[in-house]
Amino acid sequence: DTEVTQTPKHLVMGMTNKKSLKCEQHMGHRAMYWYKQKAKKPPELMFVYSYEKLSINESVPSRFSPECPNSSLLNLHLHALQPEDSALYLCASSQLGGTDTGELFFGEGSRLTVL
Amino acid sequence: AQSVTQLDSQVPVFEEAPVELRCNYSSSVSVYLFWYVQYPNQGLQLLLKYLSGSTLVESINGFEAEFNKSQTSFHLRKPSVHISDTAEYFCAVRRSGGSNYKLTFGKGTLLTVNP
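Line by line, the protein sequences are chains E and Z. Position 27, counted from 1, in the first sequence is what the working numbering calls 27; the numbers after and before it change by one each time, with no gaps. Position 44, counted from 1, in the second sequence is what the working numbering calls 159; the numbers after and before it change by one each time, with no gaps.
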């Protein structure tokens with residue numbers, strides 16, 4: 001299994017809603033990532049978890065709250081978002097340490113629209 | 116810190132023509148280099164990578180890239196493109212080894228293959 005699975009594929013929410021994006025991988029990877037991608041732009045790193053601990057937060061607003069319940073799961077909790085937060089949210093995973101082959105494996109993304 | 120410059124934002128070519136997508140990087144430390152491809156409404160897929168060893172790396176679908184340390188480049192080439200190669204291509208760099216898992220992307224090159 002070399003897949004990163006993201007749900008939902010599409011999400012529409014209002015500015016007062018609370019929703020979550022979910023990501024799952026079963027490749028035994030111990031690093032997991034959230035990226036945000038606006039149209040016609042490269043992905044921008046938001047968060048990195050290594051060994052289930054938050055290791056990088058790229059100064060992301062607190063209305064985005066990541067969670068890593070275990071080594072296979074990564075969530076992104078959304079609350080009080082703004083229309084400018086509408087984007088494709090990509091989850092990725094990678095190996096760590098001596099088994100590190102360098103690359104990130106990406107999911108298909110969750111396309112978020114904030115009304 | 117690392118940075119990536121993709122010199123062309125758009126590259127239109129005709130089917131069966133050769134193509135080169137240019138990528139230059141900047142880093143004060145050793146790096147891993149990657150090319151990712153993103154088809155419309157999809158996530159990112161790894162096309163090929165350079166970690167170490169042979170400076171010429173190839174993908175299974177006919178693309179190749181050559182790592183040139185003196186010119187700090189990692190250009191992507193294909194001798195004959197197909198309509199199905201139409202996509203956004205991202206060059207990316209990551210510090211090799213250590214515990215920094217941040218992948219830095221270039222701005223992307225949209226390859227459009229016309230019949």
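No residue lacks a Cβ here, since even glycine has one placed at the ideal position from N, Cα and C.
Determine whether the Cβ of residue i lies closer than 8 Å to any Cβ atom of chain E.
| i | result |
| --- | --- |
| K184 (chain Z) | no |
| Y204 (chain Z) | no |
| G168 (chain Z) | no |
| R210 (chain Z) | no |
| K193 (chain Z) | no |
| Y216 (chain Z) | yes |
Short check: CB of residue i to CB of residue j, under 8 Å?
| i | j | result |
| --- | --- | --- |
| F182 (chain Z) | L163 (chain Z) | no |
| T224 (chain Z) | S124 (chain Z) | yes |
| Y35 (chain E) | E44 (chain E) | yes |
| V228 (chain Z) | T219 (chain Z) | no |
| N139 (chain Z) | T170 (chain Z) | no |
| Y204 (chain Z) | W150 (chain Z) | yes |
| V134 (chain Z) | V172 (chain Z) | no |
| L112 (chain E) | A87 (chain E) | yes |
| L96 (chain E) | A31 (chain E) | yes |
I need the straight-line Cα distance from residue i to residue j, nearest angstrom please.
| i | j | result |
| --- | --- | --- |
| K184 (chain Z) | G14 (chain E) | 49 Å |
| Q157 (chain Z) | H10 (chain E) | 12 Å |
| V126 (chain Z) | L226 (chain Z) | 5 Å |
| Q153 (chain Z) | T16 (chain E) | 32 Å |
| R192 (chain Z) | I56 (chain E) | 34 Å |
| Q117 (chain Z) | H79 (chain E) | 32 Å |
| S142 (chain Z) | R210 (chain Z) | 8 Å |
| Q160 (chain Z) | K18 (chain E) | 30 Å |
| P76 (chain E) | P66 (chain E) | Note on residue identity: the sequence assigns Leu, not Pro, to residue 76 (chain E). For L76 (chain E) and P66 (chain E), the distance between alpha carbons rounds to 4 Å. |
| A39 (chain E) | F47 (chain E) | 20 Å |
| G28 (chain E) | S50 (chain E) | 12 Å |
| V146 (chain Z) | K222 (chain Z) | 18 Å |
Assuming residue i is part of the beta strand (DSSP E), what are its boundary residues?
| i | result |
| --- | --- |
| Q25 (chain E) | 18–25 |
| R192 (chain Z) | 188–193 |
| S50 (chain E) | 44–50 |
| E179 (chain Z) | 179–183 |
| A202 (chain Z) | 202–210 |
| V114 (chain E) | 110–114 |
| E56 (chain E) | According to the sequence shown, residue 56 (chain E) is Ile rather than Glu. Note, I56 (chain E): beta strand (DSSP E), 53–57. |
| L231 (chain Z) | Since the first residue of chain Z shown is 116 and the last is 230, residue 231 (chain Z) is not available in this structure. |
| Q121 (chain Z) | 118–121 |
Give every residue of the same chain whose Cβ lies closer than 8 Å to the Cβ of residue i, excluding the five residues on either side of it in the sequence, and list them in chain order.
| i | result |
| --- | --- |
| L104 (chain E) | Y33, A92, S93, S94 |
| P194 (chain Z) | P133, G177 |
Ordered along the chain, which non-local residues of its own chain (more than five positions away) have a Cβ less than 6 Å from that of residue i?
| i | result |
| --- | --- |
| R63 (chain E) | H79, A80, L81 |
| T7 (chain E) | K22 |
Within 8 Å (strictly less), CB to CB, does residue i reach chain Z?
| i | result |
| --- | --- |
| P8 (chain E) | no |
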